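Undergrad: Okay, so the sequence shown: first residue is 1 according to UniProt numbering, each after it adds one. Glycine included, every Cβ here is placed at the ideal spot set by N, Cα and C. Values in this document were obtained by computation on a predicted structure and should not be read as measured data.
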Amino acid sequence: DAIMVIFGAPVAHKDDPERAVRAALEMIEAIKELGVVHTPKGDVQVNMSIGINTGEVVALNMGSDRRMEYTVMGDNVNLSARLEAVANAGEVIISDRTYRYVKDIFEFDKLQPVKVKGKEKPIQIYRVRGIKKKRAVVSRVFVNRDAEMEELKSILEEAIGGRGRRINIHGAYGAGKTTLVQKLVEERAGYRFIHIKGDLYLKNEPLGAFKAAVKDMYGDSIPEELGAIFSEATQSSPEILTRSFISFFSKLLAVSPQVIFLEDLNTIDNLTISFFEQLPLDRPMLLILESETPVEGWENFEIKPLNFDATKELIVNVYGEAEPEVVEGIYKFSEGNPFLIHQVFNLLRARRFIREKDGVWRAVKKLERFRMPESALGLAIETLDRLPEDLYQVVQFASVPGSNFSAEMISNIFGISIQKAGDLFREGVERGIFKYREGRYDFASSLLRDAAYSTLFKKRRREFHRRVAEYLEGYYGEKRYEYSFVLGHHYEMAGEYDKAIEYILKSGAIARNLGDYALALDYYERALSILKKIKSPEGMLEATTGLGKVFFATGEIQSARKMFRRAMIWARRIDMKRLAEIL
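1. So, helix, strand or coil for Val21, using DSSP?
2. Would you tell me roughly how many angstroms separate the C-alpha atoms of Lys134 and Glu18, rounded to the nearest one?
3. When you compare each of Leu472, Gly130 and Tyr218 to Gly55 by their alpha carbons, which one comes out closest?
4. Under three-state DSSP, which class holds Arg460?
5. Tell me the DSSP secondary structure of Met217 in three-state form.
6. So, are the CB atoms of Ser291 and Asn168 less than 8 Å apart?
7. How is the alpha helix (DSSP H) around Ile123 delimited, first residue to last?
8. Can we say the segment 241-249 touches the segment 182-191, given the rule of at least three CB pairs closer than 8 Å?
9. With distances taken between CB atoms, is the gap from Ile131 to Ala87 smaller than 8 Å?
10. Measure the alpha-carbon distance for Val137 versus Phe7 and round it to whole angstroms.
11. Kindly indicate which three-state DSSP category Met372 falls into: helix, strand or coil?
12. For Thr455 and Gln396, which I take to be in contact (beta-carbon distance under 8 Å), what is that distance rounded to the nearest angstrom?
13. Answer yes if the segment 529-536 comes into contact with the segment 506-513, meaning at least three C-beta pairs across the two stretches below 8 Å, and no otherwise.
14. Who are the Cβ neighbours of Arg480 in its own chain at under 6 Å, not counting the five residues just before and after it?
15. Cβ of Lys332 within 8 Å of Cβ of Gly171?
16. Considering only the beta carbon of each residue, do Phe443 and Arg449 sit closer than 8 Å?
17. Can you tell me whether Ile510 is helix, strand or coil according to DSSP?
18. Whose CA, out of Lys549, Leu281 and Gly539, lies closest to the CA of Trp570?
19. Do you know how far the Cα of Lys153 is from the Cα of Tyr173?
20. Assign Ala310 to one of three DSSP states: helix, strand, or coil.
21. Looking at the structure shown, is Glu323 part of a helix, part of a strand, or coil, going by DSSP?
22. If you count every other CB in all the chains shown that lies within 10 Å of the CB of Pro113, and 16 or more means buried, which is it?
23. Per DSSP, Asn412 forms a beta bridge with which residues?
24. Give every residue of the same chain whose Cβ lies closer than 7 Å to the Cβ of Ser559, excluding the five residues on either side of it in the sequence, and list them in chain order.
25. Looking at C-beta atoms only, is the number of pairs between the segment 351-361 and the segment 421-428 that lie closer than 8 Å three or more?
26. Reducing DSSP to helix, strand and coil, say where Phe434 ends up.
27. On a Cα-Cα basis, can you pick out the residue from His490, Phe210, Leu281 and Lys506 that is closest to Leu265?
28. Skipping 5 residues on each side, what residues in its chain have a beta carbon closer than 8 Å to that of Glu408?
29. If you run the structure through DSSP and keep just helix, strand and coil, what is Gln258?
30. Quick one: residues in its chain with C-beta nearer than 8 Å to the C-beta of Asp75, no 5 flanking neighbours on either side, listed in chain order?
31. Taking Arg351 as the reference, give the member of Glu323, Asn300 and Glu382 with the closest Cα.
32. If you pair each beta-carbon of the segment 491-504 with each one of the segment 460-478, do three or more pairs fall below 8 Å?
33. Roughly how far, in whole angstroms, is the beta-carbon of Ser403 from the beta-carbon of Tyr191, given that I think they are within contact range, below 8 Å?
34. Please report how far the alpha carbon of Lys41 lies from the alpha carbon of Phe108, in whole angstroms.
35. Tell me, please, which residues DSSP counts as bridged to Ser95.
36. Output needed for Glu325: all residues of its chain with C-beta closer than 6 Å, excluding positions within five of it in sequence on either side, in chain order.
Next up, the structure:
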């Protein structure tokens with residue numbers, strides 16, 4: 001009495017969400033032709049209900065040697081089933097994520113959010129009414145990258161054809177590197193795309209970026225082999241973990257080619273980068289790294305600023321016609337950086353240097369008098385200063401957890417109503433401050449997050465970090481040590497050193513066990529710095545012993561001996577049994 005239809009596996013298309021909705025509407029119409037069926041209990045109108053969701057799933061062959069079946073699993077599959085259960089007979093109900101892909105193609109009724117099993121908060125849903133008679137025109141904002149795109153397409157075809165490639169797309173912040181990659185993989189035909197996004201708050205967690213990406217892809221239905229990698233991360237050696245990681249991706253590559261995008265080198269943890277660098281290139285795979293500078297060991301691909309003509313094209317496509325003086329001014333101040341082009345235009349408009357008249361943006365003040373903020377951070381701060389007061393406050397609140405936060409989380413921590421928090425976050429998305437994905441929010445750029453955080457007074461920062469730490473500690477419960485990297489950071493920033501030291505020492509031990517000795521060294525040195533402010537012989541013993549083990553593992557024998565001697569002094573102060581453990 002039920003069927004599951006998959007679009008995008010094993011072969012993906014850029015319009016898979018549209019195809020799914022069109023097929024659903026046609027199915028509803030087709031079943032009506034069956035009309036009424038006569039049964040012993042009376043006439044029955046044959047009908048169906050359909051639920052559609054969009055997202056990453058696990059696609060694989062399952063079964064025994066005698067019988068194999070191609071199927072998909074994961075949190076996104078489960079959600080589509082929940083939506084089907086919500087739909088009435090003859091209805092097509094879609095999730096908010098599907099809606100974002102097809103909102104310009106179909107007519108919808110926005111329904112009340114519904115609570116579904118397995119989801120923390122209600123899911124926004126829509127009922128599909130039919131195809132729009134006139135489709136909306138989407139502005140084209142991708143300009144003057146034809147040469148780069150052709151070269152990247154050639155690399156992509158070669159890589160998924162079996163000759164793996166490892167490329168680093170580098171350029172200044174806001175140059176359009178991520179946009180270029182998104183355009184490259186827009187069609188997603190014949191391969192699977194995996195997006196691993198850097199996060200400043202996960203930078204110091206081994207495999208933090210990879211774990212976050214896996215959570216996004218699979219929800220709570222993480223493949224067993226990946227789950228084993230994460231659960232064994234604190235016990236297994238780096239060599240065993242690497243072999244398990246390569247084995248898992250080898251199985252994925254046996255099913256279909258993979259394109260893996262590692263966005264923002266500066267905020268991705270070292271172990272995630274190291275694991276992907278060790279994947280053999282004799283497979284159908286393209287690894288794309290995004291950074292601001294060239295990276296040794298990768299094919300480096302530079303993205304340069306837009307020229308004057310491309311700057312003009314971008315302005316016209318997004319904002320409409322502008323007189324030459326306006327275009328020249330924006331080009332001068334932005335130096336052809338796409339991110340800054342938008343910021344400069346908005347500042348000129350907000351400060352009333354330009355005004356739209358007769359469909360053309362014109363200068364109403366001399367642009368020579370316009371003064372750019374001294375830095376990109378200053379530019380972002382000025383953008384935030386123009387927000388409504390209540391939205392500005394929520395932006396400041398959100399800058400403390402920094403990423404992957406929900407309206408409910410901010411509501412609970414900072415004492416504002418869930419309704420108001422949700423409304424303000426939605427407004428923030430509309431204004432380009434936040435990005436939304438599956439019930440969680442992130443800042444649209446790290447620059448905006450840094451700007452918001454920089455406007456908090458130190459006393460408020462400490463208080464906010466304490467609130468976030470206490471909330472997360474309660475939220476994680478028995479699993480809190482798995483998140484020691486995050487908890488240690490927040491307690492340290494809050495000045496709660498007695499709490500911070502516990503999590504920072506745990507983080508050092510985990511990093512050391514994973515073989516990320518540079519990160520372990522950083523944690524143990526942070527611990528020693530904190531231990532100067534509090535009295536903890538046990539903490540000093542653990543920190544000096546840990547440092548000794550790190551130095552020994554990296555071949556710095558003299559430094560290791562020095563640390564072990566310090567550890568022995570602290571062990572004597574505690575008891576002789578602890579001294580024996582070191583000896």
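TA: Judging by the given coordinates:
1. helix
2. With a pLDDT of only 47 at Lys134, under the threshold of 50, the placement of this residue in the model should not be trusted, and no figure is reported.
3. Tyr218
4. helix
5. helix
6. yes
7. No alpha helix (DSSP H) holds Ile123; DSSP gives it neither H nor E.
8. no
9. no
10. At Val137 the pLDDT is 37, less than 50, meaning the model places this residue with poor confidence and gives no usable figure here.
11. coil
12. 6 Å
13. no
14. Glu473
15. no
16. yes
17. helix
18. Gly539
19. 23 Å
20. helix
21. coil
22. exposed
23. Answer is none; Asn412 lacks a bridge partner.
24. Phe551
25. no
26. strand
27. Phe210
28. Glu120, Lys121, Ile418 and Ala421
29. strand
30. Gly55, Gly118, Tyr218, Gly219, Asp220 and Ser221
31. Glu382
32. yes
33. Incorrect: roughly 28 Å between the Cβ atoms, too far for contact.
34. 36 Å
35. Ile125
36. Ala363
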